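Trainee: Numbering of the sequence shown is given in our numbering, commencing with residue 402 and proceeding in unit increments. Note that beta-carbon positions come from the ideal geometry of N, C-alpha and C, so glycine has one too. Computed from a predicted structure; not experimentally measured.
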Amino acid sequence: MEVEWQPVETTSRNAAERADPPGDDPDAGERPHGRVGRVRAALVAGSLAVGRRAADLLYPPVCRGCARFVQSHAAVCPLCWASLRLIERPFCEVLGVPFSHDLGRGILSADAIANPPPFTRLRSVAIHTGIARDLVHALKYTDRTDLAPMMAAWMLRAGEGAVEAAEAIVPVPLHKYRLWSRRFNQSAELARALARLSGRPMVSEALVRQRPTARQVGLGAAQRQDNVRGAFRVTEAGQPLVAGRRIVLVDDVYTTGATVAAATRALKRAGASEVTVLTFARAVTVLI
Numbered sequence: 402m403e404v405e406w407q408p409v410e411t412t413s414r415n416a417a418e419r420a421d422p423p424g425d426d427p428d429a430g431e432r433p434h435g436r437v438g439r440v441r442a443a444l445v446a447g448s449l450a451v452g453r454r455a456a457d458l459l460y461p462p463v464c465r466g467c468a469r470f471v472q473s474h475a476a477v478c479p480l481c482w483a484s485l486r487l488i489e490r491p492f493c494e495v496l497g498v499p500f501s502h503d504l505g506r507g508i509l510s511a512d513a514i515a516n517p518p519p520f521t522r523l524r525s526v527a528i529h530t531g532i533a534r535d536l537v538h539a540l541k542y543t544d545r546t547d548l549a550p551m552m553a554a555w556m557l558r559a560g561e562g563a564v565e566a567a568e569a570i571v572p573v574p575l576h577k578y579r580l581w582s583r584r585f586n587q588s589a590e591l592a593r594a595l596a597r598l599s600g601r602p603m604v605s606e607a608l609v610r611q612r613p614t615a616r617q618v619g620l621g622a623a624q625r626q627d628n629v630r631g632a633f634r635v636t637e638a639g640q641p642l643v644a645g646r647r648i649v650l651v652d653d654v655y656t657t658g659a660t661v662a663a664a665t666r667a668l669k670r671a672g673a674s675e676v677t678v679l680t681f682a683r684a685v686t687v688l689i
């Protein structure tokens, strides 16, 4: 579409003389440093593209699950994707456990009715099996922090808007001794990636694990509850960051719910108005 140029109306003849009517040259009337900036930006973009291609030749993108070659980084191959048991509707609105049949929106599982959790809702990406279990294990035990952005992107989708509506993203904390031995907190890595993707603030200093606890792996449901009872507290500095706010509590895996329930109670005691638990995977034994 052609647009006819109209002269700029001005009361100053000198101002009119300074106005440069546009011609066929897209750079007409542009200051020299503006053209230099455009050229520099183009060169930088070209250099980055060349650098990415060179990096792909040296370090070709591979599947995050099985290391087969794929077309782009931060991806999984079709075989691994097919084995990923995503948690989709229908599921329990509170505990997020998938149903085998659609019973209608808003239906709760028997466990959610008999033992209501302290949090408002739980959402997870996938059932903790196959590649989902492998990704969690790689992040947690083999220092694959590079997996966190991809996993967080899936978690953002699984959250169904809870992250975007949150006023703070809080990772389930490790005790300082465990953090020292592991060197990083996998839940904090996921929370940090979620914060970058959503633009919502991550508040890692609000919730702390005030006493060391035994590893939950291998413990029964009752033992897990006893293990983490009273283990969490909100710091004095974290009180104003939590009180009256909608919180998304981030963890890597939901098993019996003992850990996130204890953490939620600490957040609620500090005045959190709502807590949504968001994990990458969750344990499911039998579909309801």
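Applying the criterion that 16 or more other CB atoms from any shown protein chain within 10 Å of the CB defines a buried residue, is Ile528 buried or exposed?
Mentor: Along the sequence shown, read from residue 1 onward, the residue named residue 528 stands at position 127. So Ile528 counts as buried.
Trainee: At what residues does the beta strand (DSSP E) containing Glu675 begin and finish?
Mentor: Numbered from 1 along the sequence shown, position 274 holds the residue referred to as residue 675. Per DSSP, Glu675 belongs to the beta strand (DSSP E) from Glu675 to Arg683.
Trainee: Note down, in chain order, each residue of its chain lying with its Cβ closer than 6 Å to the Cβ of Glu565, except the 5 sequence neighbours on either side.
Mentor: Here residue 565 refers to the residue found at position 164 of the sequence shown. So the list reads Ser599, once near-sequence residues are dropped.
Trainee: Report, in whole angstroms, the separation of the C-beta atoms of Gly645 and Gly621, which I expect to be a contact under 8 Å.
Mentor: By 1-based counting over the sequence shown, the position of residue 645 is 244. By 1-based counting over the sequence shown, the position of residue 621 is 220. The pair is not a contact, with the Cβ atoms about 36 Å apart (cut-off 8 Å).
Trainee: Please determine if the segment 632-643 and the segment 531-544 are in contact, where contact requires at least 3 C-beta pairs separated by less than 8 Å.
Mentor: Output reads no: the segment 531-544 does not touch the segment 632-643.
Trainee: Comparing alpha-carbon positions, which option in Phe681, Ala607 and Arg522 lies nearest Ala667?
Mentor: Locating residue 667 in the sequence shown gives position 266, counting from the first residue. Closest option to Ala667, Cα to Cα, is Ala607.
Trainee: Arg610 to Gly560, Cα distance in whole Å?
Mentor: On the sequence shown, position 209 is the one that residue 610 refers to. On the sequence shown, position 159 is the one that residue 560 refers to. For Arg610 and Gly560, the distance between alpha carbons rounds to 25 Å.
Trainee: Could you please give the first and the last residue of the uninterrupted beta strand (DSSP E) stretch that includes Arg522?
Mentor: Here residue 522 refers to the residue found at position 121 when the sequence shown is read from its first residue. Run containing Arg522: Arg522 to Ile528, per the beta strand (DSSP E) assignment.
Trainee: State the beta-bridge partners of Leu608 as determined by DSSP.
Mentor: Taking the first residue of the sequence shown as 1, we reach residue 608 at position 207. According to DSSP, Leu608 bridges with Val635.
Trainee: Report yes if the CB atom of Leu591 is closer than 8 Å to the CB atom of Met552, and no otherwise.
Mentor: Here residue 591 refers to the residue found at position 190 of the sequence shown. Here residue 552 refers to the residue found at position 151 of the sequence shown. Yes; because the gap between Cβ atoms is below 8 Å, this pair is in contact.
Trainee: Where do the N-terminal and C-terminal ends of the beta strand (DSSP E) with Asp512 fall, by residue?
Mentor: Here residue 512 corresponds to residue number 111 of the sequence shown, with the count starting at 1. Looking at the DSSP string, Asp512 is not in any beta strand (DSSP E); the run it does join, the alpha helix (DSSP H), is Ala511 to Ala515.
Trainee: Would Thr656 pass as a contact of Gln626 if the rule is Cβ separation under 8 Å?
Mentor: Translated into positions along the sequence shown, residue 656 becomes position 255. Translated into positions along the sequence shown, residue 626 becomes position 225. No, these two residues do not count as a Cβ contact at 8 Å.
Trainee: Does the Cβ of Arg601 have 16 or more other Cβ atoms within 10 Å, making it buried, or fewer, making it exposed?
Mentor: The residue you call residue 601 lines up with position 200 of the sequence shown. Under this definition Arg601 is a buried residue.
Trainee: Applying the criterion that 16 or more other CB atoms from any shown protein chain within 10 Å of the CB defines a buried residue, is Ala475 buried or exposed?
Mentor: Your numbering for residue 475 matches position 74 in the sequence shown. Classification for Ala475: exposed.
Trainee: The beta strand (DSSP E) spanning Pro572 covers which residue range?
Mentor: Along the sequence shown, one-based indexing puts residue 572 at 171. Element bounds for Pro572: Ala569 to Pro572.
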